[in-house]
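> In my numbering, the protein residues as written are 303 to 729. Take a look at this one; I'll ask things after.
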């Protein structure tokens, strides 16, 4: 189990580049299964989840290799296997989304039930109902989902909630269905739009991505393309929070300002000065943050993936804040850990009341999941004394060289693995 040791108190200053989006990359890699020929992806983040998805594609008999740093080639001319093994799917929920593309290409697919971070119920029922609505026969037993159909047919699909994963999955699968598929109450996340951009470039006909109604006109086949992954808005948000709580001055480059507007509005409410540019933002703060309330919602609301780091910032804010989590019910697993550092948080179900304290104190803590790990890292940056974070493999799944990037901004972080320490402070 990996660990991070950090000494708090350093003010973050400098410029950092946002990596490619984890969530966008995983959906796009699954979507690349639809295209005959090579798809070359640029700006791919070097993270654990991407490596797992590459292993998944190879297990399906699809060519997948890294041509250079951040450049991945996927050759889906042939999909030799139609079974996604449990050993890989259990690691990451997004790998379940190879089901639809395999079904569309081969007429049959068998995928293990998904895993990933334990942040609450994320049922696959919307995925399954969508696949069934397209005409597939679906059987779930012994921990696997099997889907079979000679021909998929366009239809009307109504989601009872705007799931980003289900929207991406069904939108992708419908590209090779006969006729027109209309998805109602579709998720509007930027990652849905980016996937649509890829599929359209491959030859798909998609209208309305990024709106509640997405219309897909089925085509006979898609082809490989070159495509650049958009920047990671969740990573950019983590940098912004860390800058604010350390009263720093950081410019985050290679971002899409329109993707993080709801977050930036709240950041300004706590007192941060945020200047937005065409593809960058500068964050400055010279005083203790002020309390505010946040409520997570699907896009364009406040993103659930930034709730935990933002709550850490509110834990040292002046006043009382209320955080309401409307997306995942177990997003507060980090609360006990930052309480060990002196935070005053009272949680009741999906609501947390945070009374700001003047300072946090370093302590040994454990990252409960991907985003919770980033929150603890932010807490350690501002805490007095030394913080040791265990379970950093969660962060390595979704953040590219996060400790190294923070060190370039002035943080003091040392990473260790298997009891062998390696200092990641870059001079």
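No residue lacks a Cβ here, since even glycine has one placed at the ideal position from N, Cα and C.
1) Is the segment 489-506 in contact with the segment 442-449, if contact means three or more CB pairs nearer than 8 Å?
2) May I ask you to list the residues that DSSP assigns as paired with residue 343?
3) Apart from the five residues on each side of it in sequence, which residues of its chain come closer than 8 Å, Cβ to Cβ, to residue 482?
4) Strictly by DSSP, which residues pair up with residue 366?
5) For residue 484 and residue 529, I'd like the C-alpha separation in whole angstroms.
6) Identify, in the order they occur along the chain, each residue of the same chain with its Cβ nearer than 7 Å to the Cβ of residue 358, setting aside the five sequence neighbours on each side.
7) Runs of 4 residues minimum, wholly inside the segment 486-545: which ones carry the alpha helix (DSSP H) assignment?
8) Can you give the Cα-Cα distance for residue 335 and residue 411, rounded to whole angstroms?
9) Please identify the residue among 607, 364 and 658 whose C-alpha is closest to the C-alpha of residue 466.
10) Measure the C-alpha to C-alpha separation of residue 427 and residue 403 and round it to an integer number of angstroms.
11) Given a cut-off of 7 Å, decide if residue 310 and residue 684 are closer than it, judged by their beta-carbon atoms.
12) Which same chain residues end up closer than 8 Å to residue 501 when comparing Cβ atoms and leaving out the 5 residues on each side of it in sequence?
13) Between residue 538 and residue 314, which are expected to be in contact by the criterion C-beta below 8 Å, what is the C-beta distance as a whole number of angstroms?
14) When the Cα atoms are used, what is the spatial distance from residue 665 to residue 443?
15) For residue 433 and residue 498, I'd like the C-alpha separation in whole angstroms.
16) With a CB to CB cut of under 7 Å and the five nearest residues on each side skipped, what residues in its chain are close to residue 634?
17) Is it right to say residue 562 is buried, meaning 16 or more other beta carbons lie within 10 angstroms of its own, or is it exposed?
18) Rounded to whole angstroms, what is the Cα-Cα separation between residue 321 and residue 701?
19) Suppose contacts are defined by Cβ-Cβ distances below 7 Å. Is residue 691 in contact with residue 667 by that definition?
20) Express the C-alpha separation of residue 678 and residue 662 in angstroms, rounding to a whole number.
21) Using the DSSP secondary-structure output, state which residues sit across from residue 480 in a beta bridge.
22) From residue 342 to residue 471, what distance separates their C-alpha atoms?
23) For my contact list, residue 527 and residue 541 are in at a C-beta cut-off of 8 Å; report their separation, rounded to the angstrom.
24) Using DSSP with H/G/I as helix, E/B as strand and the rest coil, what is residue 691?
25) Do residue 670 and residue 636 count as a contact pair if the criterion is CB distance below 7 Å?
26) Assign residue 714 to one of three DSSP states: helix, strand, or coil.
27) Is the separation between the beta-carbon of residue 622 and that of residue 597 shorter than 7 Å?
28) Per DSSP, which residues does residue 649 bridge with? Please list them.
29) Below 8 Å on the Cβ atoms is my guess for residue 572 versus residue 619; work out the distance and round it to an integer in Å.
30) For residue 696, which residues of its own chain have a beta-carbon under 8 Å away from its beta-carbon, when the five flanking residues on both sides are left out?
31) Excluding five sequence neighbours on each side, which residues of the same chain lie with their C-beta closer than 8 Å to the C-beta of residue 589?
32) Taking 7 Å as the threshold (C-beta atoms), are residue 639 and residue 652 in contact?
33) The alpha helix (DSSP H) spanning residue 605 covers which residue range?
34) So, are the CB atoms of residue 566 and residue 326 less than 7 Å apart?
35) Just to confirm before moving on: does the CB-CB distance between residue 304 and residue 699 stay below 7 Å?
36) Looking at C-alpha atoms only, which residue of 407, 512, 581 and 308 is the closest neighbour of residue 464?
The relevant details are as follows:
1) no
2) 374 and 529
3) 456, 517, 518, 519 and 520
4) DSSP output for residue 366 lists 376 as bridge partner(s).
5) 25 Å
6) 386, 390, 397 and 400
7) 492-503
8) 13 Å
9) Across the set 607, 364 and 658, the C-alpha of 607 shows the shortest separation from the C-alpha of residue 466.
10) A straight line joining the alpha-carbon of residue 427 with that of residue 403 spans about 17 Å.
11) Residue 684 is a Cβ neighbour of residue 310, given a cutoff of 7 Å.
12) 333, 336, 473, 474, 477, 508 and 524
13) Residue 538 to residue 314, Cβ: 14 Å. No contact.
14) 44 Å
15) Approximately 18 Å between the Cα atoms of the pair.
16) Scanning its chain for C-beta atoms nearer than 7 Å, with the 5 sequence neighbours on each side dropped, one finds around residue 634 the residues 627, 649 and 654, in chain order.
17) buried
18) 8 Å
19) yes
20) 11 Å
21) 455
22) 20 Å
23) At roughly 30 Å, the Cβ-Cβ gap does not stay under 8 Å, so residue 527 and residue 541 are not in contact.
24) strand
25) yes
26) coil
27) no
28) DSSP lists 654 as partners of residue 649.
29) Right, the Cβ-Cβ distance comes to about 6 Å (below 8 Å), so this counts as a contact.
30) Excluding residues within five positions, the ones whose Cβ falls inside 8 Å are 419, 669, 670, 671, 672, 674 and 675.
31) 549 and 573
32) For residue 652 and residue 639, no; Cβs fall outside 7 Å.
33) Here residue 605 belongs to no alpha helix (DSSP H), and DSSP marks it neither H nor E.
34) In this structure, residue 326 does not lie closer than 7 Å to residue 566 by Cβ.
35) no
36) 512
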